[in-house]
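Sequential numbering from 5 applies to the sequence shown in our numbering. Everything on this sheet refers to the single structure shown next.
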Amino acid sequence: KEICHMFSISPTVVKKAYEDLITQHMIKRIKGKGTYVTNRFVFKSQMHEFYQIDTKLNEKGLHPTYQTILLDLIHEDITVYRMLKIEHGDLCYLIIRLVKANGNPIMLQKIYLVEKYFHELHQNFDHHERLYDLIENKYHQHIKHMHNTFSPINASSDEALLLKIKPDDAIYFVRSKLMNENDEMIGYILNYFPGDFTELEVFVHAL
């Protein structure tokens, strides 16, 4: 009503403008609370392309930045042994980092890399490097294929704090197994995408 009065235009025009801004992800409407400006990057992709986030950011004139929160060498962790299918006594690196656009976190990653394929990672790791440049170019581990599992979950308090969202907000949880040319698992990645600005599409083609 205030906009209609200020610019002497009809409610229909204002409503259409709001709908256009929502479609462009420039504002978002929260039921029972109101309409708010959003400064987050909206990532829209087919599910098999969701790892090309760097390309998507560059297409919009944005440049991804990476914030490393933790780089550690894990010893004697039964959960990691099972997840990576490695033997007792094998070691694994854990990298926790945020991918950001315009200072806003758009993805949280927990990256597990098997130490025997990534010797001296703590010395060779570049905090500004793309993960696949590290794996394929620096360590010459060709990723033959990936197994991805997608799940909708609610953000824990830790995940919410890092992603600048509220606890229990909806997020996409994607688990990815990285397999090399010998069908050996060299890494396991846990990805967390806030659901309010991430859209994943599935196309079904009838034959």
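For each residue, glycine too, the CB sits at the ideal point set by N, CA and C.
query, result
"Tell me the start and end of each unbroken alpha helix (DSSP H) in the region 118 to 142 that is at least 4 residues and wholly inside, in chain order.", "125 to 128"
"Have a look at ILE193, LYS181, ILE100 and flag the residue whose alpha-carbon is nearest the alpha-carbon of LEU166.", "ILE100"
"Confirm, please, whether the CB-CB distance from LEU98 to LEU77 is below 9 Å.", "yes"
"Can you tell which of THR153, TYR192, ILE57 has its C-alpha closest to the C-alpha of PHE177?", "THR153"
"Compute the beta-carbon to beta-carbon distance between ILE157 and ILE147, rounded to the nearest angstrom, for a pair I have assumed lies under 8 Å.", "So it is not a contact: roughly 25 Å between Cβ atoms."
"According to DSSP, simplified to helix, strand and coil, what is HIS79?", "coil"
"Given ALA105, which residues of its chain have a CB within under 7 Å of its CB, disregarding the five upstream and five downstream residues?", "PHE45, LEU61, LEU66, PRO68"
"Could you tell me the distance, in whole angstroms, from the CA atom of GLU119 to the CA atom of LEU95?", "5 Å"
"With respect to the alpha helix (DSSP H) encompassing ASN184, which residues constitute its N-terminal and C-terminal limits?", "No alpha helix (DSSP H) contains ASN184, which DSSP labels as neither H nor E."
"Is ALA159 helix, strand or coil when you go by DSSP?", "coil"
"Can you check whether the CB of GLN145 is closer than 9 Å to the CB of ASN184?", "yes"
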